[in-house]
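Here the structure comes first, spelled out in structure tokens, and everything after it is commentary.
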Amino acid sequence: MEQAQPLLAQAQPYLDQGFQFLREGFYSVNAVLGLLIALVAAFIMSSWGRLWPIVLGAVVVDVLARALIPVVAGQGGFRLPPVVEVSFWRHVFVLLIGYVLVISLFFFMRKKLLKGGGH
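Going by my numbering, the first residue of the sequence shown is number 7, and it counts up by one from there.
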């Protein structure tokens, strides 16, 4: 048992970082745009096996929507996302984690609560 303590102490920073990604991902998706995208994605999803392709599509839609909404609203010109910056890819990874959580939750609720919700 005492050998497990040093191992846990060594793993703690990695576990903390993993939980931080989960929190950031959830909070990134837990806004109107993210929830709408996740809701539509959950209703498009036909089975658990389609989770990863649906999540990847949701992340692409989210990134494109964040780039296009200011253009459509007349608040600025179109700007490509900063795809060469590490912070952009970190944000995409956080979105991916968030969409996995939220779409999974919505799909689970759809299957359990709506009659015939799971194909």
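The beta carbon of each residue, even a glycine, is placed where N, CA and C say it ideally should be.
Close CB contacts of Leu70 within its chain, under the 7 Å cut and outside five residues either way in sequence, are absent.
In this structure, Val106 places its C-beta atom within 9 Å of the C-beta atom of Val61. Look at Met51 here: in three-state DSSP terms it is coil, with no helix or strand label. The C-beta distance from Ala48 to Phe112 rounds to 3 Å, short enough to fall under 8 Å.
Asp68 sits buried, since 16 or more C-beta atoms from the chains shown fall within 10 Å of its C-beta. Classified as exposed, Ser52 has fewer than 16 neighbouring CB atoms from the shown chains inside 10 Å of its CB. Three or more beta-carbon pairs separated by less than 8 Å link the stretch 17 to 35 to the stretch 93 to 102, which places the two stretches in contact.
The beta carbon of Phe84 lies closer than 6 Å to those of Val77 in the same chain, with the five residues before and after it left out.
By a beta-carbon distance limit of 8 Å, Ala73 contacts Pro87. Their separation comes to about 6 Å.
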